[in-house]
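Each number in this note's numbering corresponds to the 1-based position in the sequence shown with 369 added.
See structure below.
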Amino acid sequence: MNTTAMNTTAMEPAGAATAEWRDFLALCKPRVLTLVVFTGLCGMLAAPVSIHPVLGFTAMLCITLGAGAAGALNQWYEADLDAKMRRTAGRPLPAGRMDRQSALHFGVGLGAFSVLLMGLAVNLLAAAILTVSILFYVLVYTVWLKRRTPQNIVIGGAAGAFPPLIGWAAATGRVELLPVLLFAIVFLWTPPHFWALSLFVRTDYANAGVPMLPVVAGTRTTRAQILLYTLPMVAAAVAPWPLGLTGAIYGLAAVALSGLFLLLSARVAFSQEADQAKMKPERRLFAYSILYLFILFGALVADRMVLA
């Protein structure tokens, strides 16, 4: 082997040659993507007008790619934090399977393509909201809030609340009260969902120096805040029914599902020391919170199909 070839090899970023398609997929946070895509699809299907299947597929592809881009850029920026936390240390960047430049180029390219395709193939409003959602997650939540304030997940929760708005806008070309309420549901759902998680992984956040609420304010305050944020979330979830925006299928489902969410949140807030040591109420709430959003939005689509 000649000297030039050896020098070129030596200059290649560590991990560049070992990254596989699975690593690029992992950058997109596929578990998070599932919920994002589902709420976006429900927002589209709940719209009062139908969208051509090809355009609908394109819109959902753009939402998926845009969310994946946001996840990739989040991991690019937070590679140092991920390396300090046990649950994220195996991600492509902290594990050394990919270099940061590749992650940056992948995230920027994916995001730009998703917005451009949405604007050209669907409509400009949906593209604009998609742009805002990506920038909000990357710049507002990841860069600005995550390392600076325990309110990071409260304000940053807006990033994950945009998909129903995007889906609705893709179908209708406008924004109305129902998708705004769907946005509010996800926005208010995010703090109790993530704070329940942070209670039983708070050591990870503390080791990484991330000012999550349990780290800076303690577990008692966090448990109280979970219940506090659940109350307006329940109101937002039930509101579409009395406002006449949905029928009884959604309304009854929202009442039942939200009532159980409130009960689990209350158990977290008023849990005894034995329960707190094992984190059982927090784990139950976290697991249920994911199921809650899937069933609630599914009920919305079912309700709309019956009314149609």
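Virtual Cβ for every residue (Gly too), placed ideally from N, Cα, C.
Computed from a prediction, not measured in an experiment: that's the story for all the values here.
Anticipated Cβ contact below 8 Å, residue i with residue j, distance rounded
{"i": "L676", "j": "A605", "result": "That pair is no contact at about 20 Å."}
{"i": "V555", "j": "P533", "result": "7 Å"}
{"i": "E651", "j": "L568", "result": "4 Å"}
{"i": "P609", "j": "L557", "result": "The pair is not a contact, with the Cβ atoms about 14 Å apart (cut-off 8 Å)."}
{"i": "A635", "j": "A668", "result": "About 23 Å separates the two Cβ atoms, so there is no contact after all."}
{"i": "V507", "j": "L404", "result": "The Cβ separation is near 18 Å, so there is no contact."}
{"i": "A617", "j": "I420", "result": "The Cβ separation is near 26 Å, so there is no contact."}
{"i": "A428", "j": "V509", "result": "With a Cβ gap of about 24 Å, A428 and V509 do not count as contacting."}
Rounded separation between residue i and residue j - CA only
{"i": "F663", "j": "Q470", "result": "35 Å"}
{"i": "A495", "j": "D392", "result": "29 Å"}
{"i": "A439", "j": "A527", "result": "13 Å"}
{"i": "L499", "j": "L614", "result": "24 Å"}
{"i": "A395", "j": "P461", "result": "7 Å"}
{"i": "P417", "j": "L424", "result": "16 Å"}
{"i": "T378", "j": "R673", "result": "Here the model assigns T378 a pLDDT of 36, short of 50, so the residue's position is not dependable and the matter cannot be decided."}
{"i": "G542", "j": "F426", "result": "16 Å"}
{"i": "F552", "j": "A388", "result": "36 Å"}
{"i": "L632", "j": "P463", "result": "39 Å"}
{"i": "G628", "j": "M648", "result": "21 Å"}
{"i": "P399", "j": "Y598", "result": "27 Å"}
{"i": "V544", "j": "A671", "result": "21 Å"}
{"i": "V603", "j": "I659", "result": "15 Å"}
{"i": "D573", "j": "G459", "result": "14 Å"}
{"i": "V585", "j": "Q641", "result": "21 Å"}
{"i": "V624", "j": "P611", "result": "11 Å"}
{"i": "C431", "j": "T518", "result": "31 Å"}
{"i": "L626", "j": "F666", "result": "11 Å"}
{"i": "G409", "j": "G587", "result": "34 Å"}
{"i": "A385", "j": "V406", "result": "Reliability fails at A385, whose pLDDT of 47 lies under 50, so the model's placement of it is uncertain and no value is given."}
{"i": "L489", "j": "F475", "result": "21 Å"}
{"i": "A497", "j": "L514", "result": "22 Å"}
{"i": "L493", "j": "P422", "result": "18 Å"}
Closest Cα partner of residue i within the set the options
{"i": "R589", "options": "R543, V637, T615 and L629", "result": "V637"}
{"i": "H562", "options": "L654, H474, T457 and A415", "result": "L654"}
{"i": "D468", "options": "V507, G620, A490 and E447", "result": "E447"}
{"i": "V607", "options": "D573, F630, R456 and M429", "result": "F630"}
{"i": "A565", "options": "L669, G488, Y657 and A472", "result": "Y657"}
{"i": "M454", "options": "N576, S627, S634 and Y598", "result": "N576"}
{"i": "A530", "options": "A395, L596, L402 and Y574", "result": "L402"}
{"i": "L450", "options": "A540, R516 and T387", "result": "R516"}
{"i": "A593", "options": "F639, W558 and T559", "result": "F639"}
{"i": "Y661", "options": "M648, Q641 and Y619", "result": "Y619"}
{"i": "A452", "options": "A441, G465 and L442", "result": "G465"}
{"i": "C682", "options": "M429, L632, A428 and L479", "result": "As displayed, the chain neither begins before 370 nor continues past 677, which places residue 682 out of reach and without an answer."}
{"i": "V512", "options": "F407, L430 and W445", "result": "W445"}
{"i": "P560", "options": "T572, A490 and T591", "result": "T591"}
{"i": "L504", "options": "V477, V491, T518 and N492", "result": "V477"}
{"i": "V570", "options": "T457, V406, H421 and F407", "result": "T457"}
{"i": "W390", "options": "F407, A472 and P422", "result": "A472"}
Contact test: residue i Cβ vs the ligand ADP heavy atom, cutoff 7 Å
{"i": "A428", "result": "Summarising the ligand content, the structure contains no ligands, and the ligand ADP is consequently not present."}
- Item | Given 8 Å, three or more beta-carbon pairs between the region 429-446 and the region 481-495 | yes
- Message: Three Cβ pairs or more, each shorter than 8 Å: is that satisfied between the region 535-554 and the region 403-416?
- Response: yes
- Can you find at least 3 beta carbon pairs, one from the region 513-525 and one from the region 579-587, that sit closer than 8 Å? yes
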